[in-house]
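In what follows, a single structure is set out as structure tokens and then discussed.
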Amino acid sequence: MLVKPLFGFILLPLFVLASGSTAIAQLLVPQSSPSPNKLTIPLTKTDLQATEVVGFDDQGRQLTFQIRDAEVDPKDPEQETYLYTVFYRDNNQTLQNLCRGDANYAPKAIALQGSWDNRGAYHPEKKLVTFSCTNGALAKCIRFGYKPWKTFNGRSLQDYHQACVRMVRADYCGDGTSHTHDGTLINFYDRLGVRQQGVSPNMSFEAAWGVDGAQYINHLRWPQELAYVQRVCPERLAAEGKGINQFSTTQQVQQNFPSALVFNDSVVRKPNF
């Protein structure tokens, strides 16, 4: 059964643009692929040698996609991640680029094995490949260093990639709902040290993230999102969690929330109401 899709080294601190972007495509691996049941990880150009492939867009619509080109990602210091140019046929059978480029992001996509459902949960299907545009959270977290097929200091980065995606999208409740605005600056770091914590002027600790969303929320990135979080997952809020201790630093949260993997800082904004 196919899963309905969701959405997709510099000096520290690393200030990045958060995004709620959801432009992805999930493609069925063609039987003509050299190894349809066992893809190479990371995916390479030869894994996806097909002119047209059936797949699904971020709205769950079945479409025909065309993989036109692949090149090594120039932002990958290990030179192992490929950027794909992916087109799809619209209702008029006209080919359109899946991704939209701008000054910061090329109109290309990164391929990941498996799929993500509409709640943001990962499913490791061997016959599904997800393409995330470079401005999407899935691809961004690959570029940040959280390559799910790799390990760091003996620890798998699969869960760190998933926690990063929740963090970039401000998916506090872990239900697939983004609570950020495109272009919002954040600073982030993690328990393993893939990204180190640095000084982030005008920012303070926002939240601690695991595979299922925020484990602990010190403050919201955008205060107008408070009503949703209070309704859906109030126990994650520092100010409202029943019996929860109040922590204001990442170090305190790391000690008390072992399932929290990635942490971020953001500007504290005043409510506009």
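Residues in the sequence shown are numbered from 9 upward in steps of one, following the working numbering. Every residue, glycine too, gets a C-beta built ideally from N, C-alpha and C. Every value quoted in this text rests on a predicted model; they were computed, and no experiment measured them.
Here the alpha carbon of I75 sits roughly 7 Å from the alpha carbon of Y92. A check of alpha carbon separations from A222 across V240, N210, N143 and S208 identifies V240 as the nearest. Looking at E133, T258, H227 and G191, the one whose alpha-carbon comes closest to that of Q204 is T258.
Rounded to the nearest whole angstrom, the CA to CA distance from V173 to V202 is 15 Å. In this structure, the beta-carbon distance from C107 to A119 does not fall below 8 Å. When the Cα atoms are used, T188 and G206 turn out to be separated by approximately 22 Å. Setting aside the 5 residues that flank it on each side, Q70 is surrounded in the same chain by F64, each with a C-beta closer than 6 Å to its C-beta; the list follows chain order. From the listed residues T192, S208, Q121 and T185, the smallest Cα separation to Q166 is found for Q121. Residue pairing by DSSP puts Q121 in a beta bridge opposite V137. Burial of G182 is indicated by the presence of at least 16 other C-beta atoms within 10 angstroms of its C-beta.
The three-state secondary structure of A114, taken from DSSP, is coil.
For V173, the uninterrupted alpha helix (DSSP H) run begins and ends at Q166 to V176, by DSSP.
Y154 sits in coil when the DSSP states are folded into three classes, being neither helix nor strand. Taking M211 as the centre and dropping the five residues before and after it, the same chain places the C-beta of N195, D273, S274 and V275 closer than 7 Å to its C-beta, in chain order. Under DSSP, Q262 forms no beta bridge with any residue.
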